[in-house]
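Numbering (our numbering), first residue to last: 33 to 315. Where a beta carbon is used, it is the ideal one built from N, C-alpha and C, also for glycine. First the structure, in the form of structure tokens, and then the observations on it.
Below, the structure is given as structure tokens:
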């Protein structure tokens with residue numbers, strides 16, 4: 033540290049420790065660690081971190097405890113600047129936990145576009161994992177699987193496992209789905225299996241989801257974003273020509289999309305396609 037009287041190193045250590053505690057499920061300990069860092073920051077300001085950064089981290093740990101009121105208070109405290117990156121991440125995570133995944137998706141998509149490689153002291157991996165979870169919560173399985181596969185590809189070489197452990201059991205089905213349905217390298221497959229093992233799951237990742245559940249998820253994940261758009265309009269009773277006008281594509285393209293949808297869902301009509309899509313929670 034070029035400034036040995038600052039609190040840069042102690043605060044860095046505290047943030048790392050808090051993240052590890054949270055990944056292990058001890059969010060209360062993580063919050064206490066950050067609170068101690070904030071107290072030190074008051075006495076010996078860090079040249080790298082600001083109190084609003086630490087408040088945003090603390091808000092994230094409150095979210096994982098389900099303490100949304102306290103998280104909201106901390107985020108209000110942290111939002112001293114309009115585009116505070118860490119606050120955006122904590123806000124998006126809270127929205128996911130509050131079943132507002134579509135709003136979280138919009139925040140995270142803009143965030144990753146603005147910070148594709150992360151921002152100082154924080155990589156983009158956490159945002160990508162949150163985006164995958166937000167998509168999964170909306171049953172946008174095709175996109176969720178793609179986003180998670182990219183996050184795994186980025187994390188596997190350096191074995192950045194901790195960010196994948198933070199969200200606990202709600203993340204397991206998406207990990208298993210990606211393992212079984214995405215064209216992953218051996219390195220990425222091994223990485224996901226290690227994450228699953230460290231998450232306290234069975235040593236055999238193949239047994240984590242019943243075969244029927246995995247088949248349903250895989251079928252849903254095969255439906256692309258555009259095909260999902262078509263299904264929504266079919267459900268609303270629009271004709272091929274009306275769907276084409278709505279999506280700015282040709283009627284022939286709509287017909288091709290429907291043929292692909294019928295094949296993937298193993299159905300023969302619009303009514304059957306809508307029923308199957310609703311059962312799979314695609315619409």
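Item to check | Bridge partner(s) assigned by DSSP for residue 151 | outcome: By one-based count along the chain shown, residue 151 stands at place 119. Answer is 154.
Checklist entry - In chain order, what residues of the same chain have a beta carbon less than 6 Å from the beta carbon of residue 219, not counting five sequence neighbours either side? => result Your numbering for residue 219 matches position 187 in the chain shown. Contacts found: 188.
Next on the checklist: Under DSSP, the alpha helix (DSSP H) around residue 40 begins and ends at which residues?
Outcome noted: If you number the chain shown from 1, residue 40 lands on position 8. From DSSP, the alpha helix (DSSP H) with residue 40 extends over 40-55.
Checklist entry - Around the Cβ of residue 298, are there at least 16 other Cβ atoms within 10 angstroms (buried) or fewer (exposed)? => result Along the chain shown, read from residue 1 onward, the residue named residue 298 stands at position 266. By the 10 Å Cβ count, residue 298 comes out exposed.
Item to check | Beta-carbon separation (whole angstroms), residue 86 vs residue 42, contact threshold 8 Å | outcome: Sequence index remark: in the chain shown, residue 86 carries index 54 (1-based). Sequence index remark: in the chain shown, residue 42 carries index 10 (1-based). At roughly 12 Å, the Cβ-Cβ gap does not stay under 8 Å, so residue 86 and residue 42 are not in contact.
Checklist entry - Distance, Cα to Cα, residue 33 vs residue 80? => result Residue mapping note: residue 33 aligns to position 1 of the chain shown, counting from 1. Residue mapping note: residue 80 aligns to position 48 of the chain shown, counting from 1. Residue confidence for residue 33 is low, a pLDDT of 48 falling below 50, so the modelled location carries little weight and cannot support an answer.
Checklist entry - What is the DSSP secondary structure of residue 225, counted as helix, strand or coil? => result On the chain shown, position 193 is the one that residue 225 refers to. If DSSP states are grouped into helix, strand and coil, residue 225 belongs with the helices.
Checklist entry - Do residue 213 and residue 277 come within 8 Å of each other at the CB atom, strictly closer than that value? => result Translated into the one-based positions of the chain shown, residue 277 becomes position 245. Translated into the one-based positions of the chain shown, residue 213 becomes position 181. It is not a contact, given that the beta carbons lie outside the stated cut-off.
Item to check | Stretch-stretch touch, CB-based, cutoff 8 Å, three pairs: the segment 101-109 with the segment 118-138 | outcome: yes
Next on the checklist: Is the beta carbon of residue 136 closer than 8 Å to that of residue 127?
Outcome noted: Walking along the chain shown from the start, residue 127 turns up at place 95. Walking along the chain shown from the start, residue 136 turns up at place 104. Yes, the Cβ-Cβ distance between residue 127 and residue 136 is below 8 Å.
Next on the checklist: Quick check: the Cα distance between residue 273 and residue 170, rounded to an integer number of angstroms?
Outcome noted: If you number the chain shown from 1, residue 273 lands on position 241. If you number the chain shown from 1, residue 170 lands on position 138. If I take the Cα positions, the gap works out to 27 Å.
Next on the checklist: Please report the straight-line C-alpha distance between residue 211 and residue 221, rounded to a whole angstrom.
Outcome noted: Indexing the chain shown from 1 puts residue 211 at position 179. Indexing the chain shown from 1 puts residue 221 at position 189. About 6 Å.
Item to check | Buried or exposed (CB count within 10 angstroms, at least 16 for buried), residue 271 | outcome: Residue numbering aside, residue 271 sits at position 239 when the chain shown is read from its first letter. Exposed.
Item to check | Closest residue to residue 261 among 249, 64, 275 (Cα-Cα distance) | outcome: On the chain shown, position 229 is the one that residue 261 refers to. Out of 249, 64, 275, 275 has the C-alpha closest to the C-alpha of residue 261.
Checklist entry - What's the C-alpha gap between residue 289 and residue 91? => result Position 257 of the chain shown, counting from 1, holds the residue named residue 289. Position 59 of the chain shown, counting from 1, holds the residue named residue 91. So the alpha carbons of these two residues sit roughly 43 Å apart.
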